[in-house]
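> Residue numbers (my numbering), protein chains in the order written: chain A, 1 to 150; chain B, 151 to 327; chain C, 328 to 420.
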Amino acid sequence: MVFSVAYHFLHDRDLAEEIAQDVFLSLHRNLGAVESPAHAAHWLRKVAVQRSIDAARRRTRRPQVALDDVAEPSERPSPGDPLLGDLLRKLIATLPESQRMAMVLRYQEDLDPSEIADVMGIPLGTVKSHIQRSLALLREKLARRGVGER
Amino acid sequence: MTIVRVVAAGCGLAALLWAQQFKFNLEHLAAKASDAVDVSLNKDMLQFAGKFLSDKDSDEAKAKAMISGLEGIYIKSFEFAKDGAWTQADLDQVRNQLKPPEWGRIVGVKSAEDNENVEVWVRHESGKVTGIAVLATEPRGFTVANIVGNVNLDSLANLGGQFGLPKMKATPAPAKK
Amino acid sequence: MDWLEDELKNALSRKEPGEGFDERVLAAARRRNVVAMPRRWMAAAAAVIVLAGAGEAYRWHRGQEAKEQVMLAMRITGHKLNLVQARIAGERQ
């Protein structure tokens, strides 16, 4: 969960691992405050999100995959195609950080918008709007690449 | 005020255990205490703790062996900033639950020097030890310990010195009140 | 959930860190020496957290707490019984 959130958000395996290490060590330091397994999971997720966003802000260069870098696939991927998964990950990496994290938490962690709002510390309406906008943007970009409804 | 509260959830105690385990009714002292220890470990929690006691560490290994036959450990210990925080009634309401023939006081000592009194009670059932109680009071201290279950006094004797436990005879002296 | 959301779930499936991640966390813990616990607990805690996740970490934490309670109970009871032993020994002399 921790590594995965950082990895999908940052698109950088080394940095994600560094963050995961920090998060686990931080949990270790704060074990005394952990009240239940659910609390521990919530805590881990929240700290992973914070550290990932901080790392993205510290990173001097732009996200490693900029919109222009997302190459046109040689073949048009179709739903269920592994190439589509790869393309989606790259497109998500180009989203603004808050939208990107909302998408990672929604589709990787399977959190509902109110849980995402809690973990990210932003209003519920903002989360819903981030997800809707991101989905619309992804549909548009996919349509431009010839990928659409089945 | 430093309050050390060490509480483990007690659940599913059998009716039998209620007979072995007495009620403390000492919550009112916690509010007056400068330091308080509250240990409440039922059989499930003792078994759970046993998994984390190391066989390699001699203290822990001996504690592990000792708790294997226990049904519970319950301790309330208070320290107070000044004299007179606890009353004789507090002691009596615990002591009155330790009734013969099951309970017998095996030893009681009083210290004129530091005004500390300690009583050790043992509970027997069908010739077997099923629990011990320790009542210790001093002007600024009040401790009640109840160890429930098949307390192996030989093991306790072997632990003499390890935790400061004295060697005790398995057969209690006649009850004195 | 429409086809795009299904694809997003697949695309964002959980990833595992690289091999040896747990050893690297342990090494980091040792390097930083940040944990206010006995060292012998530290390695175990880090390993449990990394290998088994938060639920197991919580269980480990509760186990340590229960263990400490047992040892505290032994110390308190032992101390009081020791007073009795000392007093009786004194009277016999």
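Ideal Cβ positions, reconstructed from N, Cα and C, are used throughout, including at glycine.
1) Considering only the alpha carbon of each residue, which of C/Gln-396, C/Val-411, C/Glu-346, C/Lys-394 lies closest to A/Arg-13?
2) In this structure, does DSSP put C/Ala-363 in helix, strand or coil?
3) From the DSSP output, in three-state form, read off A/Gly-121 for me.
4) Determine the closest residue to C/Lys-342 out of A/Val-23, A/Gly-85, A/Ser-4, A/Ser-129, with distance taken between C-alpha atoms.
5) C/Asn-337 versus chain A: which residues are under 7 Å apart at the beta carbon?
6) Can you find a C-beta in chain C that's less than 7 Å from the C-beta of A/Ala-136?
7) For A/His-8, which residues in chain C fall below 8 Å Cβ to Cβ?
8) For a contact meaning CB atoms closer than 7 Å, what does B/Lys-201 contact in chain C?
9) Output, in chain order, the set of chain C residues within a Cβ distance shorter than 9 Å of B/Leu-191.
10) What do you get for B/Arg-245, buried or exposed, if any count of 16 or more other CB atoms within 10 angstroms of its CB means buried?
11) Suppose you measure from the CA of B/Val-297 to the CA of A/Ala-41; what does that come to, to the nearest Å?
12) Would you say B/Asn-265 and B/Glu-229 are within 7 Å of each other, going by their C-beta atoms?
13) Name the one or two DSSP bridge partners that B/Lys-226 has.
14) Name the chain B residues whose beta carbon is nearer than 7 Å to that of C/Arg-414?
15) In this structure, does DSSP put C/Glu-392 in helix, strand or coil?
16) Since A/Leu-88 meets chain C, which of its residues come closer than 9 Å, beta carbon to beta carbon?
17) Where does B/Trp-271 fall in DSSP's three states?
18) Count the other CB atoms within 10 Å of the CB of B/Glu-263; is the residue buried (16 or more) or exposed (fewer)?
19) Name the chain C residues whose beta carbon is nearer than 9 Å to that of B/Leu-196?
20) Could you name the residues of the same chain whose beta carbon sits closer than 8 Å to that of B/Glu-210, not counting the 5 residues immediately before and after it, in chain order?
21) Under the assumption that B/Ile-223 contacts C/Val-397 (Cβ atoms under 8 Å), give the Cβ distance between them as a whole number of angstroms.
22) Put C/Thr-404 into one of helix, strand or coil per three-state DSSP.
23) Determine contact between the region 84 to 97 of chain A and the region 125 to 142 of chain A, defined as no fewer than three beta-carbon pairs at a distance below 8 Å.
24) Classify C/Leu-378 as helix, strand or coil using the three-state DSSP reduction.
Taking the geometry as given:
1) Reading the first sequence from its first residue, position 13 is the one you call residue 13 of chain A. Checking every option, the nearest Cα to that of A/Arg-13 belongs to C/Glu-346.
2) By one-based count along the third sequence, residue 363 of chain C stands at place 36. With a pLDDT of 43 at C/Ala-363, under the threshold of 50, the modelled position of that residue is not reliable, and the figure given next carries that caveat. The answer is coil: DSSP assigns C/Ala-363 none of H, G, I, E or B.
3) Here residue 121 of chain A refers to the residue found at position 121 when the first sequence is read from its first residue. Looking at A/Gly-121 - three-state DSSP - the assignment turns out to be coil, as it is neither helix nor strand.
4) Taking the first residue of the third sequence as 1, we reach residue 342 of chain C at position 15. If we check each option's Cα against that of C/Lys-342, A/Ser-4 comes out closest.
5) Looking up residue 337 of chain C in the third sequence gives position 10. Those are Gly-85, listed as they occur along chain A.
6) Position 136 of the first sequence, counted from the start, is the residue given in the question as residue 136 of chain A. Taking Cβ atoms only, chain C never reaches closer than 7 Å to A/Ala-136, which makes this a no.
7) Stepping through the first sequence from its first residue, residue 8 of chain A is reached at position 8. Residues of chain C passing the Cβ test: Leu-339, Lys-342.
8) The residue you call residue 201 of chain B lines up with position 51 of the second sequence. Neighbours of B/Lys-201 on chain C, chain order: Gly-390.
9) In the second sequence, the residue the question calls residue 191 of chain B occupies position 41. Result: Ala-393, Gln-396, Val-397, Ala-400.
10) Locating residue 245 of chain B in the second sequence gives position 95, counting from the first residue. Buried, because 16 or more other Cβ atoms sit within 10 Å of the Cβ of B/Arg-245.
11) Indexing the second sequence from 1 puts residue 297 of chain B at position 147. Indexing the first sequence from 1 puts residue 41 of chain A at position 41. Looking at the sequence shown, residue 297 of chain B is not Val but Ile. Answer to the nearest angstrom: the Cα atoms are 36 Å apart.
12) Position 115 of the second sequence, counted from the start, is the residue given in the question as residue 265 of chain B. Position 79 of the second sequence, counted from the start, is the residue given in the question as residue 229 of chain B. Going by C-beta atoms, B/Asn-265 is not nearer than 7 Å to B/Glu-229.
13) By 1-based counting over the second sequence, the position of residue 226 of chain B is 76. The partner list for B/Lys-226 (beta bridge, DSSP) reads B/Asp-188, B/Val-294.
14) As a position in the third sequence, residue 414 of chain C is number 87, starting the count at 1. Residues of chain B passing the Cβ test: Val-259, Ser-261.
15) Here residue 392 of chain C refers to the residue found at position 65 when the third sequence is read from its first residue. Correct three-state label for C/Glu-392: helix.
16) Translated into the one-based positions of the first sequence, residue 88 of chain A becomes position 88. Here the neighbours are Leu-331, Glu-334, Leu-335, Asn-337, Ala-338, Leu-339.
17) Here residue 271 of chain B is taken as the residue at index 121 of the second sequence, counted from 1. If DSSP states are grouped into helix, strand and coil, B/Trp-271 belongs with the strands.
18) Numbered from its first residue, the second sequence carries residue 263 of chain B at position 113. Its Cβ having fewer than 16 others within 10 Å, B/Glu-263 is exposed.
19) Here residue 196 of chain B corresponds to residue number 46 of the second sequence, with the count starting at 1. By Cβ distance, chain C contributes Ala-393, Val-397.
20) The residue labelled residue 210 of chain B in the question sits at position 60 within the second sequence. Contacts found: Leu-203, Ser-204.
21) Taking the first residue of the second sequence as 1, we reach residue 223 of chain B at position 73. Taking the first residue of the third sequence as 1, we reach residue 397 of chain C at position 70. B/Ile-223 to C/Val-397, Cβ: 7 Å. Contact.
22) Counting from 1 along the third sequence, the entry for residue 404 of chain C is found at position 77. In the structure shown, C/Thr-404 sits in a helix (DSSP, three-state: H, G or I).
23) yes
24) Here residue 378 of chain C is taken as the residue at index 51 of the third sequence, counted from 1. Here the model assigns C/Leu-378 a pLDDT of 49, short of 50, so the residue's position is not dependable, and the following value carries that caveat. It is helical.
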